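See below for the structure under consideration.
Residue numbers (full-length UniProt numbering): 1 to 287.
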């Protein structure tokens, strides 16, 4: 994730939001007085690695968007489908997953190595609570490998030059680059398009880029209210238009079905309302 997603502002924990904070003990390096996007996401997915402050903001956002838990689940399902298809159809055997978040099984390497055991995966995050779970991310198949590095998307060079990445991935061979619900944590002034371009430029031909990004295109009132709840708690959270999300792919070729609502990207079964999850999603290949 990105710099905890918080701009140095403590959030007020509302009464009745999850369990009391009184007896909560934070792992080393974790500030439980400010909300964190990864922990809020964990809360929506039914996880236990979250604190009262995260649940307070998560509840406020769910009040704005009643289907928020559904949206989080659809986002995870996209990861499963995209990883599967990149391995099976595109022949990808190595992945760089930036903004990993708190592990949720099946993790990306478990999906990919379940199909191609030799697959190598590097996870990137800079959240201390993710580091606590890094061992789970590094339980690889005997033939493959998975690594975790602590780095920030705002500094692509630090990611690309990290020795663990260089030891695990071969950047002369195609890479599956995944940026799942992470670019929303960069404001426009952080130039997220430039950060992604730097990553794209480092990838060889045949590499693929998978992105999901929240949007207000489908329901502006609900999404803008949820964004206001997050920013009011000191977080950086940006919902972007389809046009703005499309820019992240640059001149890479979007694979079918293109840039579509997250539930509509190669669903395993019929989806009644494809716009019920307010995310754009797409996968593109480098020529």
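The beta carbon of each residue, even a glycine, is placed where N, CA and C say it ideally should be.
All of these numbers come straight from a predicted model, not from anything done at the bench.
Query, Result
"Kindly confirm or deny that the region 204 to 216 and the region 126 to 141 touch, where touching means at least three C-beta pairs closer than 8 Å.", "no"
"Mapping DSSP to helix, strand and coil, what is residue 252?", "coil"
"Where are the alpha helix (DSSP H) runs, 4 residues long or more, that stay fully inside the region 35 to 70, in chain order?", "37 to 44 and 52 to 64"
"Whose CA, out of 43, 205, 178 and 56, lies closest to the CA of residue 71?", "43"
"Residue 91: buried (16+ other C-beta within 10 angstroms of its C-beta) or exposed?", "exposed"
"Going by Cα to Cα distance, which pick from 120, 228 and 86 is closest to residue 139?", "120"
"For residue 277, which residues in the same chain have their Cβ closer than 8 Å to its Cβ, ignoring the five residues on either side in sequence?", "67, 70, 71, 74, 75, 261, 262 and 263"
"Might you give, ordered along the chain, the residues of its own chain that have their beta carbon closer than 7 Å to the beta carbon of residue 54, omitting 5 neighbours on each side?", "35, 36, 39, 40 and 43"
"For residue 142, tell me which candidate among 237, 159, 268 and 117 has the shortest Cα-Cα distance.", "117"
"Please give the ranges of any alpha helix (DSSP H) in the region 240 to 285, keeping only runs that are unbroken, at least 4 residues long and fully inside the region.", "242 to 246"
"When we look at the beta-carbon of residue 57 and count the other beta-carbons within 10 Å, is it buried (16 or more) or exposed?", "buried"
"Can you tell me whether residue 184 is helix, strand or coil according to DSSP?", "helix"
"Taking only runs of the alpha helix (DSSP H) that begin and end inside the region 143 to 208, which ones reach a length of at least 4 residues, in chain order?", "156 to 160, 163 to 168 and 192 to 202"
"Could you tell me the boundaries of the alpha helix (DSSP H) in which residue 131 lies?", "128 to 132"
"My understanding is that residue 149 touches residue 179, with C-beta atoms under 8 Å, so please give their C-beta distance in whole angstroms.", "That pair is no contact at about 15 Å."
"Measuring CA to CA, which of 153, 52, 99 and 224 is closest to residue 240?", "224"
"Can the beta-carbon of residue 203 be found less than 8 Å from the beta-carbon of residue 175?", "yes"
"Do the CB positions of residue 94 and residue 173 come within less than 8 Å of each other?", "yes"
"Please report the straight-line C-alpha distance between residue 250 and residue 281, rounded to a whole angstrom.", "15 Å"
"Return the residue from the list 257, 269 and 196 that minimises the CA-CA distance to residue 96.", "196"
"Name the two residues that bound the continuous alpha helix (DSSP H) containing residue 221.", "220 to 232"
"In whole angstroms, what separates the C-alpha of residue 255 from that of residue 24?", "45 Å"
"What does the Cβ neighbour count give for residue 270, buried or exposed, with the cut at 16 atoms within 10 Å?", "exposed"
"Hey, quick one: how far does the alpha helix (DSSP H) through residue 115 stretch, first residue to last?", "108 to 115"
"Which same chain residues, not among the five before or five after residue 50, have their C-beta less than 6 Å away from its C-beta?", "39, 42 and 43"
"Just curious, the beta strand (DSSP E) that residue 98 is in, first and last residue?", "94 to 98"
"Would you please verify whether the beta carbon of residue 58 is less than 8 Å from any beta carbon of chain B?", "The structure shown contains no chain B; it is built from a single protein chain."
"Please state if the CB of residue 84 and the CB of residue 115 are separated by a distance shorter than 8 Å.", "yes"
"Decide if residue 52 is buried, meaning its Cβ has at least 16 other Cβ atoms within 10 Å, or exposed.", "buried"
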